[in-house]
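In the numbering used here, the protein residues as written are 7 to 489. Structure record follows, encoded as structure tokens.
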């Protein structure tokens with residue numbers, strides 16, 4: 007696997023969780039899995055102490071030869087991580103951007119990573135069966151495999167590209183072709199060129215043997231003009247090789263029965279611990295210890311337009327003025343939305359609590375304490391927090407898009423199998439009505455609440471099934487390359 011992030015080493019979002027969780031799952035099944043990551047300076051020192059240097063200088067063949075150093079970490083499941091040390095590119099305070107936006111040399115940084123992935127097998131004297139690459143940052147790997155590395159040690163190696171978020175595609179000046187040591191005949195609309203620039207992801211889509219996205223619905227959505235982000239025609243062309251596979255979660259980390267960050271543990275058969283989690287949270291944030299207090303709605307999210315929390319911000323005052331509810335929101339992102347949520351929280355300190363930033367332990371505690379989890383996303387390739395919330399007996403309120411549509415069973419379909427509430431139009435009224443629907447269920451149908459909580463907690467959101475589907479994709483990629 008080649009990726010720009012993987013938890014717990016470096017993580018900016020769901021990509022980091024998905025890469026490490028899938029790799030762990032495959033390794034636990036007995037497969038030889040090796041992950042290449044940059045050696046970022048922000049990797050915690052307590053983790054870096056476990057890394058071992060690999061002997062010899064590592065040569066990377068871009069337009070001109072570069073030299074780097076490799077470090078190795080082997081997990082308890084025999085999963086191998088390789089870390090590419092090159093301080094000029096990776097010794098920075100952030101993964102992708104600084105105070106003035108994305109790093110201008112991101113194309114060079116990740117072309118460097120991709121070429122290192124191609125040169126790694128020769129250095130290790132080990133040949134993989136397949137490269138599984140993630141998002142635009144690793145998308146040049148399939149391009150290399152089908153051009154400059156088409157013959158030799160990697161001649162029969164397949165490739166799978168997973169798209170976690172199509173919104174980010176990796177645009178670069180065409181000079182990146184020369185820097186990367188790629189042939190100039192790739193400068194064509196049916197290869198790397200897009201809008202007068204090189205598009206890393208477009209190249210990967212054209213050249214990878216198999217393509218996956220992180221939910222079945224998102225695999226359909228990206229073929230449309232509305233959510234194809236300019237590449238709908240490319241996905242239609244490669245549609246026969248495109249598969250949607252819903253992400254799983256690491257249920258060793260997200261398990262309310264064993265989660266050590268919680269004030270009390272619980273499971274689907276005994277939810278008393280969940281009540282204690284809610285009481286503890288409300289005491290700290292609202293100064294209220296009522297066991298049967300108002301329903302607690304939470305949102306844990308990056309505060310960007312994709313997540314739709316600007317719509318929630320617009321109606322939040324209206325909600326708390328007309329319903330007996332409480333809201334707790336954890337997140338950061340766009341300054342204007344942060345300020346809006348902070349201002350509303352100051353107006354209603356006994357009803358709304360806002361934490362600007364991100365805290366992993368707090369995210370666990372909020373998910374356990376909540377009755378409802380709000381995710382009004384404009385689009386959502388997969389989403390993980392709705393999976394976490396169901397695992398913790400918290401009912402998600404989601405818009406029917408991407409992985410949210412694939413994973414949440416709506417109460418409108420009958421309570422027997424329901425796990426949450428699903429609405430369709432991202433409007434102020436639709437979101438207000440969905441919150442009101444959940445609120446009425448809380449007050450008027452406690453039996454339905456219990457059934458839905460238990461339904462969600464008993465569903466299997468582990469990587470077991472998804473891992474098998476990825477293994478199928480690997481075999482398909484290898485067969486296609488062999489032919």
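Just so you know, even glycine gets a beta-carbon here, dropped at the ideal spot from N, CA and C.
Checklist entry - Since residue 338 sits in a beta bridge, which residues does DSSP pair it with? => result Residue 338 pairs with 308.
Buried or exposed: residue 298, going by 16 or more other Cβ atoms within 10 Å of its Cβ? With fewer than 16 other Cβ atoms within 10 Å, it is exposed.
Could you check where the beta strand (DSSP E) with residue 71 kicks off and where it finishes? That run of the beta strand (DSSP E) goes 71-80.
Exercise. Should residue 43 and residue 12 be called a contact, given that it needs their Cβ atoms to be closer than 7 Å?
Worked result: A distance below 7 Å separates the beta carbons of residue 43 and residue 12.
Handout entry: residue 451 - DSSP class collapsed to helix/strand/coil
Key = In the structure shown, residue 451 sits in coil (DSSP, three-state: anything other than H, G, I, E or B).
Please report the distance separating the alpha-carbon of residue 436 from that of residue 251.
Rounded to the nearest angstrom, the two C-alpha atoms are 29 Å apart.
Where residue 138 sits in the DSSP three-state scheme: DSSP, reduced to helix, strand and coil, places residue 138 within a strand of the structure shown.
> residue 397: beta carbon under 6 Å from a heavy atom of the ligand FAD?
Replying inline: The ligand content of the structure shown is nil, which means the ligand FAD is not present either.
Within this structure, are the beta carbons of residue 329 and residue 445 separated by less than 7 Å?
-> A contact, by the Cβ cut-off of 7 Å.
Review point. Where do the N-terminal and C-terminal ends of the alpha helix (DSSP H) with residue 67 fall, by residue?
Key: Note, residue 67: premise wrong, no alpha helix (DSSP H); beta strand (DSSP E) at 64-67.
**Study point:** Whole-number beta carbon distance between residue 396 and residue 425, since they are thought to touch under 8 Å
**Key:** Yes, they are in contact, since the Cβ atoms of residue 425 and residue 396 sit about 5 Å apart, within 8 Å.
- Query: So what's residue 209 in DSSP terms, helix, strand or just coil?
  - Reply: Three-state DSSP puts residue 209 in a helix.
For this session: State the start and end residues of the unbroken beta strand (DSSP E) segment that holds residue 161.
Result: Residue 161 -> no beta strand (DSSP E), and no H or E assigned at all.
(request) Kindly give me the distance between the Cβ atoms of residue 178 and residue 206, rounded to whole angstroms, as I take these residues to be in contact under 8 Å. (result) At roughly 7 Å, the Cβ-Cβ gap stays under 8 Å, so residue 178 and residue 206 are in contact.
Between residue 247 and residue 277, is the Cβ-Cβ spacing less than 7 Å?
In this structure, residue 247 keeps its C-beta atom at 7 Å or more from the C-beta atom of residue 277.
DSSP state of residue 216, grouped into three classes?
Of the three classes helix, strand and coil, the one that applies to residue 216 here is strand, per DSSP.
Closest to residue 14 by C-alpha separation, out of 49, 385, 486, 420, would be which residue? When only C-alpha atoms are compared, the closest one is 49.
Note to self: Quick check: what's the CA-CA separation for residue 31 versus residue 326?
What the structure shows: Using only the alpha carbons, I get a separation of about 43 Å.
Note to self: Can you tell me whether residue 256 is buried or exposed? The criterion is at least 16 other CB atoms within 10 Å of its CB, across all chains shown.
What the structure shows: Residue 256 sits buried, since 16 or more C-beta atoms from the chains shown fall within 10 Å of its C-beta.
Notebook entry, point to check: How should residue 411 be labelled, buried or exposed, when 16 other C-beta atoms within 10 angstroms of its C-beta is the threshold for buried?
Noted result: Counting the other CB atoms within 10 Å of its CB gives residue 411 a total of 16 or more, which places it among the buried residues.
(message) Using the three-state DSSP reduction, which class does residue 283 fall into: helix, strand or coil?
(response) Looking at residue 283 - three-state DSSP - the assignment turns out to be helix.
**Message:** Could you pull the DSSP bridge partners for residue 302 from this structure?
**Reply:** In the DSSP assignment, the residues bridged to residue 302 are 332.
Who are the Cβ neighbours of residue 292 in its own chain at under 7 Å, not counting the five residues just before and after it? Excluding its 5 nearest sequence neighbours in each direction, residue 292 has C-beta neighbours in its own chain below 7 Å: 332, 356, 359, listed in chain order.
### Query
When you compare each of 45, 474, 229 to residue 55 by their alpha carbons, which one comes out closest?
Comparing Cα-Cα distances from residue 55 to each of 45, 474, 229, the minimum goes to 45.
Assuming residue 401 contacts residue 427 (C-beta within less than 8 Å), just tell me the rounded distance between them. Indeed, because the Cβ distance is near 7 Å, the residues count as touching under 8 Å.
Discussion item. Just to confirm the assignment: which complete beta strand (DSSP E) runs, minimum length 3, are found wholly within the stretch 98-152?
Written reply: Those beta strand (DSSP E) runs which fall completely within the stretch 98-152 and span 3+ residues are 136-140.
Roughly how many whole angstroms lie between the Cα atoms of residue 117 and residue 88?
Rounded to the nearest angstrom, the gap between the Cα atoms of residue 117 and residue 88 is 17 Å.
Using only CA atoms, which one of 79, 171, 290 lies nearest to residue 52? Each of 79, 171, 290 was checked against the Cα of residue 52, and the nearest Cα belongs to 79.
*Would the beta-carbon of residue 228 fall within 7 Å of that of residue 236?*
One thing to note: residue 228 has its Cβ no nearer than 7 Å to the Cβ of residue 236.
Under 7 Å, do residue 142 and residue 170 count as touching if we go by C-beta distance?
Between residue 142 and residue 170, the C-beta gap is not smaller than 7 Å, which leaves the two residues out of contact.
| query | Between which two residues does the beta strand (DSSP E) carrying residue 359 extend? | reply | Residue 359 -> beta strand (DSSP E) spans 358-362.
Just list the residues that DSSP pairs residue 250 with in beta bridges. Partner(s): 219.
With three or more C-beta pairs closer than 8 Å as the rule, is the stretch 363-370 touching the stretch 256-270? Yes, they touch.
Whole-angstrom C-beta distance between residue 338 and residue 345, which should lie under 8 Å: With a Cβ gap of about 11 Å, residue 345 and residue 338 do not count as contacting.
* C-beta contact flag for residue 63 and residue 73 at 7 Å -> Yes, the Cβ-Cβ distance between residue 63 and residue 73 is below 7 Å.
- Query: Exposed or buried, residue 377, counting other C-beta atoms within 10 Å across all chains shown (16 or more means buried)?
  - Reply: Around the C-beta of residue 377, 16 or more other C-beta atoms lie within 10 Å, and the residue is accordingly described as buried.
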